[in-house]
Structures are given as C-alpha cells and as structure tokens.
Amino acid sequence: METIKVLVVDDSSFARSLICETLSADSHIRIVGEAKDGRSAVELSMALKPDLITMDLTMPDMDGLEAIRQIMHRCPTPILVITSKADAQSGFSAIAAGALEIFDKANIANTNYDSLLYKVRFLANVKVIRHLQSFGITHLQNTSLPHASMVEVVGIASSTGGPKALSLLLSSLPSGFDRPIFIAQHIGKQFDQGLATFLQRTTQKNVVLAEDGMKISRTVVYIAPAGTHLTIKDNTIVLTLRKPQDIYV
Numbered sequence: 248m249e250t251i252k253v254l255v256v257d258d259s260s261f262a263r264s265l266i267c268e269t270l271s272a273d274s275h276i277r278i279v280g281e282a283k284d285g286r287s288a289v290e291l292s293m294a295l296k297p298d299l300i301t302m303d304l305t306m307p308d309m310d311g312l313e314a315i316r317q318i319m320h321r322c323p324t325p326i327l328v329i330t331s332k333a334d335a336q337s338g339f340s341a342i343a344a345g346a347l348e349i350f351d352k353a354n355i356a357n358t359n360y361d362s363l364l365y366k367v368r369f370l371a372n373v374k375v376i377r378h379l380q381s382f383g384i385t386h387l388q389n390t391s392l393p394h395a396s397m398v399e400v401v402g403i404a405s406s407t408g409g410p411k412a413l414s415l416l417l418s419s420l421p422s423g424f425d426r427p428i429f430i431a432q433h434i435g436k437q438f439d440q441g442l443a444t445f446l447q448r449t450t451q452k453n454v455v456l457a458e459d460g461m462k463i464s465r466t467v468v469y470i471a472p473a474g475t476h477l478t479i480k481d482n483t484i485v486l487t488l489r490k491p492q493d494i495y496v
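Shown next, in the form of structure tokens:
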C-alpha cells in the first residue's frame, strides 16, 4: 500500500495535534503539512499536493468553505470535512462545493479512531474533478430508466462518499419519475437532518427525514434516521432501532 500524504487544516492547535496523532497511528499515512486557516490551506495544497485534506470549517482569515471552493478550482484534491454538530449544515454546503465527506469532530475526542482512519484511506483514492467558479453539483446525463413502469419503490444504501453520490443520482432521475425512494446513508445522528436538507436543496426533490408511522407518498424521497432500520408495512414507514451487532444502518 502506498503512503497517503495528508494536509491537516484546523485553526485549533489542539485539534490539529489530535488529528495528526490519530492519523499517524497508521504507518501508511504521513502528515505532510498543517494549516490554521483557509488561506494557508489553499497555498499548501498547491505546494504540497497532498493525497487528502482534512478541513475544519470555522476558521479566521478564510473559512473552510471558501478554502474548499478555491482548492477544488485550482488543485482538485479529496477533502474530508472534520467539523462539529453546530456546523452540520455548513458541512453539506462544503460537499456541494467539492468535499467528499463529513466527519464529526467529537468522534475523535471519543477515541473513535478506526472510523476516521477508514475514511482517510478510502477517500484518498477517490478521483476528484476540477470545479468551475459556479461550484455547483455536476449533474449526470438524464437518461430514460428502463422498465420504469415496473418499478414500485427504489431503495438506496450508501456509506462513505454517499452524500455527493446521492445528490448526483437523484438529480439525474428522469423527469416525471414518481416512485417513492428510500435511502439508508451511514451517517452520524447529528447530520441526518442536514443530509435531507442538503439533498432537497441540491436536487429539487421532496426529501424528508422519515418518521415512524409516516404514510408513503409516491413523489417523496425518505431518509432513514441514523441508527434505525426502515421497513414498510401497509404503505406506512416502520422504524426500529439498530442493534449494536447489526452491520447496516
């Protein structure tokens, strides 16, 4: 396995140290630089050409969102946003700007190291593209869906990199597609409502966070709340809590 070069961006020296210490536990990950603001992050990304950037959002001089926009325009690089619950909605704006994934900063303090290491290893190999100054979500070609009349419901399961992929997929559905869509995205509880809001804003679909007992409508996209299983009975959503031993969300 080749060494993964990582640039760590956060205005907090403590957070940078914690992230660096966590990532350095993997012998295949090397920290090539640190930045305490967005402007430095843009400069270092161009100079160091890292394989991945971890990005905070709330920083002085230039915030993380603007830094992501500039990086994805000048030197496209896989970006993992590491942020707090308070910045959840900004995190999804960062995905629209080109970031690949959001990670809850609290999980690092809670010694949830394996999850962060997995995301870094996975996302570092994702091929990203240059974003033009509009910084919008790139839409896939809108093509007809074979045998659409035979489809009753659509179920989608997604994990790392899912939010952006979901936005692209939903945006590319044929016009007039009127089947209910159910999505199970592996995501922290503090981010599930933000995901629904993000997808509604970027796809122009009616996207909601599913609730137990909710009646199903043909034109709605339902997001399973984090930590739940979503099933359907008598045209009604049934939510059950996920058990620790369960593999899927």
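Following my numbering, the numbering of the sequence shown begins with 248 at its first residue and continues without gaps.
Quick reminder that beta carbons are idealized off the backbone N, C-alpha and C, glycines included.
*Reducing DSSP to helix, strand and coil, say where Gly383 ends up.*
Because Gly383 sits at a pLDDT of 47, beneath the cut-off of 50, its placement in the model cannot be relied upon, and the following sentence gives the value as read from the coordinates. Coil, per DSSP.
*Pairwise C-alpha distance: Ser406 and Ser362*: 12 Å
*Is it right to say Lys436 is buried, meaning 16 or more other beta carbons lie within 10 angstroms of its own, or is it exposed?*
Taking every protein chain shown into account, the CB of Lys436 has fewer than 16 other CB atoms within 10 angstroms, so this residue is exposed.
*What do you reckon, are the CB atoms on Val255 and Cys267 nearer than 8 Å?*
yes
*Out of curiosity, what's the CA-to-CA distance linking Ala457 and Thr444?*
13 Å
*Taking the alpha carbon of Lys518 as the point to measure from, which residue in Lys252, Gln451, Leu304, Ala344 has its own alpha carbon closest?*
The structure shown has nothing for residue 518, since the chain only spans 248 to 496.
_Cβ pair Thr324, Ile349 closer than 8 Å_ = no
*Report the rounded CA-to-CA distance for Leu446 versus Leu270, giving the unit in angstroms.*
30 Å
*Under 8 Å Cβ to Cβ from Glu399, same chain only, skipping five residues before and after it: list those, please.*
Arg426
*Is the beta carbon of Leu265 sitting closer than 8 Å to the one on Ile355?*
yes
*How would you call Thr261, buried or exposed, if buried means at least 16 neighbouring beta carbons within 10 angstroms?*
According to the sequence displayed, residue 261 carries Phe and not Thr. Within 10 angstroms of the beta-carbon of Phe261 lie fewer than 16 other beta-carbons, which makes it exposed.
*Three or more beta-carbon pairs under 8 Å between the stretch 280-291 and the stretch 299-317, yes or no?*
yes
*Beta bridge counterpart(s) of Asp310 as assigned by DSSP*: In the DSSP output, where bridge partners are listed per residue, Asp310 has none listed.
*Specify the secondary structure class of Asn453 as computed by DSSP and reduced to three states.*
The three-state reading of DSSP puts Asn453 in strand, counting E and B together.
*Which two residues bound the contiguous beta strand (DSSP E) that contains Arg263?*
From DSSP, Arg263 is part of no beta strand (DSSP E) but of the alpha helix (DSSP H) over 260-270.
*Do the CB positions of Lys452 and Thr483 come within less than 8 Å of each other?*
no
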